[in-house]
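J.:
Protein chains in written order, with our numbering: chain V, 39 to 206; chain L, 37 to 427.
Okay, structure coming up:
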């Protein structure tokens with residue numbers, strides 16, 4: 039961080055390398071399209087480097103940058119037209135899509151995720167794709183832990199329904 | 037029927053978030069209630085799906101794209117990095133508005149047709165170049181003083197700006213050397229580097245603008261991305277001049293002038309912004325060439341014009357009903373739309389005049405200032421000028 043602030047391009051590159059995969063996947067699961075996820079990832083890094091001096095080291099860096107990723111994704115969803123065609127969600131396919139099972143799971147799960155409200159989706163994404171604890175999710179989203187649980191549990195129920203009824 | 041607490045207990049168990057006591061309670065619950073066991077199994081299946089999906093690889097080009105878009109640390113100061121995200125939009129929008137004569141030239145053209153033509157007549161300066169000359173002269177000061185972003189500065193919320201970004205000509209301009217020249221103008225850089233500007237950046241009003249739908253649309257537009265990725269923009273970002281800009285406080289004094297903030301927020305400005313003739317003018321390549329010329333920049337840099345712009349007289353003229361009426365008149369629009377006017381603006385003669393010592397002397401002449409300080413005189417000459425144009 040300090041090296042980034044001092045203009046060390048190598049340090050900046052290391053930060054990008056360290057976080058881009060996760061941030062990209064958060065955005066991808068939130069938005070459902072690769073293009074949008076790329077845009078959000080890029081914007082998050084730009085914002086992060088822009089605001090690096092405002093970052094308070096007493097807080098966790100990953101909370102800070104994931105918060106930006108989630109917020110930017112939510113903003114992108116707000117900007118988006120209300121209708122998102124399922125064809126666009128092909129981007130949810132995993133890198134190991136060669137395996138039919140994984141590809142199918144990715145497809146079904148991706149579609150089911152898009153049926154969730156964005157706030158609920160954010161909790162699910164952080165829990166299941168980033169493996170954050172309730173507390174970490176609460177820190178990222180700046181909401182109480184109990185709210186995290188409530189959203190997560192509700193979202194899972196909806197996901198189960200969506201998987202059972204609509205996208206199986 | 038499971039209670040809420042029981043459902044929470046099951047979810048937490050699947051998430052590995054239960055304490056030892058919680059896990060014991062979970063096992064007991066599952067042993068007693070098949071519904072609990074079914075829910076736990078379903079949740080584990082769901083979790084298994086997430087695990088199966090895993091992460092998707094980042095597109096190969098993304099890393100390079102991100103790094104390329106970041107400020108160049110070897111040349112950009114931390115302060116430049118700090119403000120980079122907001123700077124990029126501001127640079128483009130401000131530059132566009134300045135160069136494309138959004139508001140600034142609106143004022144410039146208007147004041148041109150009025151005050152300076154008058155001055156030309158009074159001082160005996162050849163009237164043929166004065167109209168246009170004034171445009172150039174007025175524009176810079178307006179830029180210096182009027183570009184403070186406040187809540188009243190509607191530019192970022194203005195659909196016209198969004199439309200500009202969709203315009204190929206605008207993109208071409210932004211990527212042009214001419215645009216870069218304006219961006220590298222000392223006065224412009226000083227403005228950008230001022231404490232006042234930084235305060236604006238930190239203001240609620242600016243944040244609101246950043247949060248506006250219009251801003252988001254701009255940021256999301258293909259046009260904006262093209263600008264961001266352009267070599268011209270990167271060059272600007274990486275330039276030593278840009279870095280120096282961050283360290284200057286020269287603009288503070290200019291930005292502190294309420295007059296220009298008021299001007300930017302005035303109804304007259306908005307009316308001018310809506311003036312079709314001005315938009316036509318903005319689209320004129322020749323006019324843009326003039327705006328980008330060295331001569332124009334020299335005029336812009338002159339103290340005389342700054343003084344004029346800062347004067348009560350100028351504000352009075354801008355605020356006058358007569359001025360507004362003139363701007364709204366068909367005659368004015370017609371005049372602005374004339375090929376002859378455009379040709380004059382683009383002519384070598386005009387440029388020569390703009391760059392001439394005589395023109396600068398005119399600007400600093402007492403008689404000119406005296407004239408400008410007289411609202412009645414300005415209005416009279418304005419009527420005269422408009423009358424002549426109608427004829």
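Glycine residues also receive a C-beta, built at the ideal position from the N, C-alpha and C atoms.
Using a Cβ-Cβ cut-off of 8 Å, state whether residue 63 of chain L counts as contacting chain V.
T.: Taking Cβ atoms only, chain V never reaches closer than 8 Å to residue 63 of chain L, which makes this a no.
J.: What does the Cβ neighbour count give for residue 85 of chain L, buried or exposed, with the cut at 16 atoms within 10 Å?
T.: Buried, since its Cβ has 16 or more Cβ neighbours within 10 Å.
J.: Which whole-angstrom value describes the C-beta separation of residue 50 of chain V and residue 87 of chain V, a residue pair presumed to lie in contact below a C-beta threshold of 8 Å?
T.: Confirmed, Cβ separation roughly 7 Å.
J.: Please decide whether residue 72 of chain V counts as near chain L, where near means a Cβ-Cβ distance under 8 Å.
T.: At least one chain L Cβ lies under 8 Å of residue 72 of chain V.
J.: For the alpha helix (DSSP H) containing residue 84 of chain L, list its first residue and its last residue.
T.: Counting along the chain, the alpha helix (DSSP H) containing residue 84 of chain L begins and ends at 70 to 89.
J.: In chain V, which residues lie with their C-beta within 9 Å of the C-beta of residue 55 of chain L?
T.: What residue 55 of chain L touches in chain V: nothing, since even the nearest Cβ is about 13 Å away.
J.: For the alpha helix (DSSP H) containing residue 172 of chain V, name the first residue and the last one.
T.: Unbroken alpha helix (DSSP H) run through residue 172 of chain V: 172 to 179.
J.: Applying a beta-carbon distance threshold of less than 9 Å, which residues of chain L neighbour residue 147 of chain V?
T.: Within 9 Å Cβ-Cβ: 82, 85, 86, 88, 89.
J.: Between which residues of its own chain and residue 79 of chain V is the CB-CB distance below 7 Å, once the five residues before and five after are set aside?
T.: Answer for residue 79 of chain V: 58, 61, 62, 65, listed in chain order.
J.: Contact defined as beta carbons within less than 8 Å: I believe residue 154 of chain V pairs with residue 193 of chain V. What is the distance between those atoms, to the nearest angstrom?
T.: At roughly 5 Å, the Cβ-Cβ gap stays under 8 Å, so residue 154 of chain V and residue 193 of chain V are in contact.
J.: Is DSSP giving residue 6 of chain V helix, strand or coil here?
T.: With chain V covering 39 to 206 only, the question about residue 6 of chain V has no answer from this structure.
J.: Taking just the CA atoms, how far does residue 58 of chain L sit from residue 45 of chain L?
T.: Looking at the two C-alpha atoms, the distance is approximately 7 Å.
J.: Checking contacts by CB at 8 Å: is residue 99 of chain L closer than that to chain V?
T.: For residue 99 of chain L, the answer is yes, since a Cβ of chain V falls inside 8 Å of its Cβ.
J.: Going by Cα to Cα distance, which pick from V:96, V:54, V:150 is closest to residue 199 of chain V?
T.: The residue with the shortest Cα to Cα distance from residue 199 of chain V is V:150.
J.: Taking the continuous alpha helix (DSSP H) assigned at residue 41 of chain L, which residues delimit it?
T.: That run of the alpha helix (DSSP H) goes 40 to 50.
J.: Please list, in chain order, all residues of the same chain as residue 51 of chain L whose beta carbon is under 7 Å from its beta carbon, the five residues on each side excluded.
T.: Closer than 7 Å at the Cβ level, and outside the excluded window around residue 51 of chain L, lies no residue.
J.: Could you check how far apart the C-beta atoms of residue 163 of chain V and residue 67 of chain V are, in whole angstroms? I think they sit under 8 Å.
T.: Yes, they are in contact, since the Cβ atoms of residue 163 of chain V and residue 67 of chain V sit about 4 Å apart, within 8 Å.
J.: Quick one: using the 10 Å Cβ neighbour count with 16 as the cut-off for buried, is residue 100 of chain L buried or exposed?
T.: Exposed, since its Cβ has fewer than 16 Cβ neighbours within 10 Å.
J.: Of all the CB atoms in chain B, is at least one closer than 8 Å to the CB of residue 203 of chain V?
T.: Of the chains in the structure shown, none is chain B; the protein chains are V and L.
J.: In angstroms with no decimal places, state the Cα-to-Cα distance between residue 93 of chain L and residue 197 of chain V.
T.: The straight-line gap from Cα to Cα measures roughly 24 Å.
J.: By DSSP, does residue 54 of chain L sit in helix, in strand, or in coil?
T.: The answer is coil: DSSP assigns residue 54 of chain L none of H, G, I, E or B.
J.: For residue 402 of chain L, count the other beta carbons within 10 Å of its own beta carbon; 16 or more makes it buried, fewer makes it exposed. Which is it?
T.: Low local confidence applies: a pLDDT of 49 at residue 402 of chain L is under 50, so the model's placement there is unreliable, with the coordinate-based value given in what follows. By the 10 Å Cβ count, residue 402 of chain L comes out exposed.
J.: Can residue 72 of chain V and residue 103 of chain V be called in contact, C-beta distance under 8 Å?
T.: Contact: no.
J.: When you compare the CB of residue 136 of chain V with every CB in chain L, is at least one pair closer than 8 Å?
T.: Because residue 136 of chain V carries a pLDDT of 44, less than 50, the predicted location of this residue cannot be relied on, and the following value inherits that uncertainty. So, not an interface residue.
J.: Based on Cα-Cα distance, which residue from L:43, L:48, L:42 lies nearest to residue 165 of chain V?
T.: It is L:48.
J.: Under 8 Å between beta-carbons, which chain L residues line up against residue 172 of chain V? List them in chain order, please.
T.: Ordered by position in chain L, the residues that pass the 8 Å Cβ test against residue 172 of chain V are 51, 53.
J.: Once you ignore the five residues that flank residue 180 of chain V on each side, which residues in its own chain have a CB closer than 8 Å to its CB?
T.: Excluding residues within five positions, the ones whose Cβ falls inside 8 Å are 105.
J.: Please decide whether residue 52 of chain V counts as near chain L, where near means a Cβ-Cβ distance under 8 Å.
T.: With 8 Å as the cut-off, residue 52 of chain V does not count as an interface residue toward chain L.
J.: Under 8 Å, Cβ to Cβ, is there at least one residue of chain V near residue 45 of chain L?
T.: No, because no Cβ of chain V sits closer than 8 Å to the Cβ of residue 45 of chain L.
J.: Got a sec, what are the start and stop residues for the alpha helix (DSSP H) residue 92 of chain V sits in?
T.: Premise fails: residue 92 of chain V is in no alpha helix (DSSP H) and is neither H nor E.
J.: Can you check whether the CB of residue 66 of chain L is closer than 8 Å to the CB of residue 147 of chain V?
T.: Their beta carbons are not under 8 Å apart, which means residue 147 of chain V does not touch residue 66 of chain L by this criterion.
J.: Does any residue of chain L have a CB that is nearer than 8 Å to the CB of residue 83 of chain V?
T.: Yes, residue 83 of chain V lies at the interface with chain L (some Cβ there is under 8 Å from its Cβ).
J.: Quick one: is residue 96 of chain V near chain L, going by C-beta distance under 8 Å?
T.: So, not an interface residue.
J.: I'd like to know whether the C-beta of residue 206 of chain V is nearer than 8 Å to at least one C-beta of chain L.
T.: Caution is warranted here: a pLDDT of 44 is assigned to residue 206 of chain V, below 50, making its placement in the model unreliable, and the coordinate value is therefore given only provisionally. False, the Cβ-Cβ gap to chain L never drops below 8 Å.
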